[in-house]
Amino acid sequence: MDTIPAKKTLIGLSRAELTAEMAAIGEKPFRAKQLWHWMYNRGETDFAAMSSISKVMQAKLAEHFVVRRPKVEREMISADGTRKWLLKFDDGNEAETVFIPDLDEDRGSVCISTQVGCTLTCKFCHTGTQLLVRNLTAAEIVGQFMAGRDAYGEWPTPDDTGRMLSNVVVMGMGEPLYNFENVATALEILMDGEGIGISRRRITLSTSGVVPMMKLCGERLGVNLAVSLHAVTDEIRDRIMPINKKYPLKELMQACREYPGASNARRITFEYIMLKGVNDSAADAHALLKLVKGLPAKFNLIPFNPWPGSEFETSDMKSVKAFSDILQDAGYAAPIRMPRGRDILAACGQLRSDSLREKATRAKARAAAGIEDEHHGG
Ligand code: SAH
Ligand code: SF4
C-alpha cells in the first residue's frame, strides 16, 4: 500500500525553527511572523482561512505543512465544572489534559501533561504504574492548551483579564524536567506575547525533584516552581518517591534555595500528599517547618486521591486540618486542595488507564466471541 508522507505540523516549532522552515521553502522571516499570529493569536488551523496570506501562498503552505491539534478522544465534564480531555496523538498514544475552574470565578488553570506515562514510580501515583512511556513533543504539549482554548472558543487570544483559561499548571502526567527541551519550547510558545500570551507568572511547573535541571528551568523559563515533597525524611521519601534515592532531601532543598526568581512575592509551592499514617502527623508538620526554614515557601496539602490497587489511604480530614493549622500558625499559606472532579476519575493518569482497560476488555470480549481484532489506522 502506498503511504503518503505525513506533512509536518507547524505547531510546536520555536520562532527560530518556524523561520527556518519558511526559509527552506524560499520564504522570508515575515512569513513566519504572519503564521505565528494566525496559529497562536487567532487559533486558525486552516491555511485557506488565513486571509492576509495570498491564495497562492496558502496553497504552497498546505502542500508542505499542517496546523493540527491532538484529537479529543473523550471529554468528561464534572459536576463541579472540572473538564478533562483524553487526547490522542498521531501515533495513537494518549494523554490527559484537565481544566480546573477557580470556584466562583470566570477563570481557571489548564493542567498539562508532559509525557505519556512516567519513568518515575512514585508509590501513590497512578501514572507511575503505566508501563509505556515516551516524551511528548513540544507540539503535543502546546497542543493540549490549544485544544482547551478550542473547547472554550477563546480565540483570538482574549485580554489577560478576560480569559477562562487564565493559568497553566504543568502537573499532569509525566516528569517535566525529564523532557525539558520540549517543555521549554512549548512554554516559550505559550508565553509569547504575540500569540497565546500567558505570563510566566501564571505558569507553575511541578517537579518531583530533578535537582540538576531546576536552576536551568528557573533561568530559562522563569516560571513558578512547585516541588512534590510529600515527606520530611529521606527514609519515608525514599520509600514513596524513588527519585529521592538519586536526589535526597538535602540536595533538593539546596536547589530550592537557589531557584532563580524565588522571592517572598514568588514563593515555591511545596506539594504534600496526605497519606494516612505515613506522613500526616503533627510531628511531620513540625519537621516540615524545619526543612523549609529560610525559604520563601507556601504549601499545598493534597488529600491522597485513591485509585484501585493503591496501597495508601487518605488521611482523615481532622489530621489534614491539624497539619494545615500548624503550618499556618507558623505564618505559611497552607491551603488544603479539595479534590476536584472526583466523579470523572481525577487522579493523575486514571483516565488514560481507564481507556486502556476498556480497550483490553473490548479486545477480550471480541476474542471470546471469535471476532477478529479491528485494525484502526490510529
Ligand atoms: N511529575 C511531576 C508533575 C506531575 S504529578 C511531579 O511529580 O511533581 C502532579 C502532582 O500530582 C504531584 O504533586 C503528585 O505528587 C500528585 N499526585 C500524584 N498522584 C496523586 C494521587 N493519587 N492523589 C493526589 N495527588 C497525586
Ligand atoms: Fe511521575 Fe510525578 Fe507521578 Fe511521580 S508523581 S510517578 S514523578 S507523574
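If you count the sequence shown from 1, you need to add 3 to reach the working numbering. Even glycine gets a Cβ: it sits at the ideal position worked out from N, Cα and C.
**Asked** Does the pairing of the segment 289 to 297 with the segment 241 to 250 give three or more beta-carbon distances under 8 Å?
**Response** No, the segment 289 to 297 is not in contact with the segment 241 to 250.
**Length-filtered (4 minimum) alpha helix (DSSP H) runs lying within the segment 116 to 182** = 141 to 155
**Asked** Does the distance from the CB of residue 206 to the CB of residue 180 come in under 9 Å?
**Response** no
**Request:** Starting from residue 98, follow the beta strand (DSSP E) in both directions and report where the run begins and ends.
**Result:** 97 to 104
**Request:** For my contact list, residue 196 and residue 250 are in at a C-beta cut-off of 8 Å; report their separation, rounded to the angstrom.
**Result:** Between residue 250 and residue 196 the Cβ distance is about 35 Å, and since that is not below 8 Å, they are no contact.
**Asked** So, using beta-carbon positions, are residue 275 and residue 252 closer together than 9 Å?
**Response** no
**Request:** Under 7 Å Cβ to Cβ from residue 131, same chain only, skipping five residues before and after it: list those, please.
**Result:** 121, 123, 124 and 125
**Request:** Could you name the residues of the same chain whose beta carbon sits closer than 7 Å to that of residue 386, not counting the 5 residues immediately before and after it, in chain order?
**Result:** What is shown of the chain runs 4 to 381, which leaves residue 386 out entirely.
**Message:** Checking 9 Å against the spacing of the C-beta atoms, do residue 307 and residue 272 come in under that value?
**Reply:** Taking the C-beta atoms as reference points, residue 272 is found no nearer than 9 Å to residue 307.
**Prompt:** Can you list, in chain order, the stretches of the beta strand (DSSP E) that have 3 or more residues and sit fully within the segment 69 to 97?
**Reply:** 74 to 80 and 86 to 91
**Request:** Throw me the rounded Cβ distance for the residue 208 and residue 235 pair, which I believe falls under 8 Å.
**Result:** Contact flag wrong, Cβ pair sits at about 23 Å.
**Message:** Beta-carbon within less than 7 Å of residue 169's beta-carbon, same chain only, minus the 5 sequence neighbours each way: which residues are those?
**Reply:** Cβ neighbours of residue 169 beyond the five flanking positions: 110, 111 and 205.
**Asked** If residue 270 sits next to residue 300, beta carbons under 8 Å apart, how far is it from one beta carbon to the other, in whole angstroms?
**Response** Contact holds; Cβ gap of about 6 Å.
**Below 5 Å from a heavy atom of the ligand SF4 - residues by beta-carbon** = 121, 123, 125, 128, 130, 131, 178 and 211
**Request:** Let me know the secondary structure DSSP gives residue 43 once reduced to three states.
**Result:** helix
**Item:** Euclidean distance between Cα positions of residue 160 and residue 38
**Value:** Per the coordinates, the alpha-carbon of residue 160 lies some 15 Å from the alpha-carbon of residue 38.
**Message:** Here's the rule: buried if 16 or more other CB atoms are within 10 angstroms of the residue's CB, otherwise exposed. What is residue 33?
**Reply:** exposed
**Residues near residue 187 in its chain [Cβ-Cβ closer than 7 Å; skip 5 each side]** = 223 and 224
**Request:** Note down, in chain order, each residue of its chain lying with its Cβ closer than 6 Å to the Cβ of residue 382, except the 5 sequence neighbours on either side.
**Result:** Residue 382 falls outside the range modelled here, since the chain spans only 4 to 381, and no answer is possible.
**Request:** Indicate whether residue 314 and residue 280 have their beta-carbon atoms separated by less than 9 Å.
**Result:** no
**Item:** DSSP-derived helix/strand/coil call for residue 112
**Value:** If DSSP states are grouped into helix, strand and coil, residue 112 belongs with the strands.
**Asked** Hey, would you say the C-beta of residue 103 is under 8 Å away from at least one heavy atom of the ligand SAH?
**Response** no
**Prompt:** Across which residues does DSSP place residue 277 in a beta bridge pair?
**Reply:** 306
**Request:** Please name the residue, chosen from 278, 311, 331 and 12, that lies closest to residue 322 on a Cα-to-Cα basis.
**Result:** 278
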